[in-house]
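The block underneath contains the structure these notes are about, expressed in structure tokens.
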Amino acid sequence: MMTIDHFTHFWDLSCQSVRVHSFMQYRNLPQKSKDSGLVFIEVDVGKKIALEMSSAIPIFSWGIVPSENFEWTTANCQQVVSVYEKYAEAAQKAGYQIAVLSADEDGLLHQLLSPRFHQNLSFQSRLEIMLRLIQAIQKWIPRVGVALTVEELCPGGLDATDGIEIALAMEAAGVAFILANAGTRDFPALKNRRPTKLKNEEANLPDNQEVNLASSLWLVGRVTIPVFAQSDRVFVDDIAGIAKECGLAGIVSMSELI
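What the sequence shown shows, in numbering that gives the first Met the number 0, is residues 0 to 257, in sequence order.
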């Protein structure tokens, strides 16, 4: 089972971690040793997926909005908090000491933080709901991270200024680390953007690596907690070293090719 000592040791490694989307994908993954980096596994609490014992770090996500006209009323908010706390309690009883709260990949909490949705809520109200969720998980899990969309790269969406403010609020709430990415599937051309050959040459970075790291770098030097860059693109072999040189704690590949 993953331990805090194992996790702390990771900060000194220059290896690639991965994020998988199910326990089935995790069971088929050869990369499970501590020398190969961490494995994060998504647990969709909205689908009531059973939590299995593993050496991975669970990412509590709610991938589908509960209903088409879902609103963050007091009752709905309490129901959502209760679901996350239930999973945190189950994780603690199973021996997990680390968990991640997903506010990315177009899930329920990504939409909560985005100004494109729930326009009746102020920015501060959105943050307060996130803080309640973090506190609910922290009752059971000693070290909680957040997977965060730093910027949505689309008109009217989260911009980097929003992402930085959210990250700072998460740090103040005791969040231990951030898995950072960008974009939304609502605007695939921007989420899946590619740099030009000239831009790569100017940046002196391998193909695609500048856009893989760019959004996460908004948080470097602004928060003191470790920040990982996430991407669903295939990273080059030396990207972990490049990320370290840029001030990131490491990288997390979300590629379906894993």
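Each residue gets a CB set at the ideal place from its N, CA and C atoms; glycine is no exception.
Note that this is a predicted model, so its numbers are computed, not measured.
What separation, rounded to the nearest whole angstrom, lies between the Cα atoms of residue i and residue j?
i: N68; j: D43; result: 20 angstroms
i: I136; j: E84; result: 5 angstroms
i: S113; j: E244; result: 30 angstroms
i: V79; j: T183; result: 22 angstroms
i: N180; j: L37; result: 17 angstroms
i: L247; j: I177; result: 10 angstroms
i: Q15; j: I250; result: 6 angstroms
i: W10; j: E127; result: Unreliable positioning characterises W10 in this predicted model, as indicated by a pLDDT of 49, which lies under 50. The coordinate reading is nonetheless provided below. Taking the straight line joining both Cα atoms gives about 30 angstroms.
i: V17; j: F39; result: 6 angstroms
i: L28; j: N119; result: 43 angstroms
i: V145; j: P187; result: 23 angstroms
i: E170; j: P65; result: 28 angstroms
i: I58; j: F116; result: 23 angstroms
Which one of the options has the shortest CA to CA distance from residue i?
i: M23; options: S16, H117, E41 and K47; result: E41
i: M129; options: A239, Q229 and A168; result: A168
i: I224; options: I163, G240 and S230; result: I163
i: M52; options: Q110, I177, Q96 and A181; result: Q96
i: S252; options: Q118, D231 and D185; result: D231
i: A49; options: V82, H117 and A172; result: V82
What residues match up with residue i in a beta bridge as DSSP calls it?
i: R142; result: I97
i: T148; result: N180
i: V226; result: I177
i: A102; result: L147
i: V251; result: S16 and Q229
i: F297; result: Residue 297 lies beyond the stretch modelled for the chain, which goes from 0 to 257, so this question has no answer here.
i: V79; result: Beta-bridge pairing links V79 to no other residue.
i: V219; result: V222
Quick one, are the C-beta atoms of residue i and residue j less than 8 angstroms apart?
i: L108; j: W61; result: yes
i: A175; j: R142; result: yes
i: I133; j: L100; result: yes
i: W139; j: Q77; result: no
i: A259; j: Y25; result: Outside the modelled stretch of the chain, which goes from 0 to 257, sits residue 259, for which no answer is possible.
i: A242; j: L212; result: yes
When you compare the stretch 119-128 with the stretch 147-159, are there three or more beta-carbon pairs, one atom per stretch, that lie closer than 8 angstroms? These segments do not touch.
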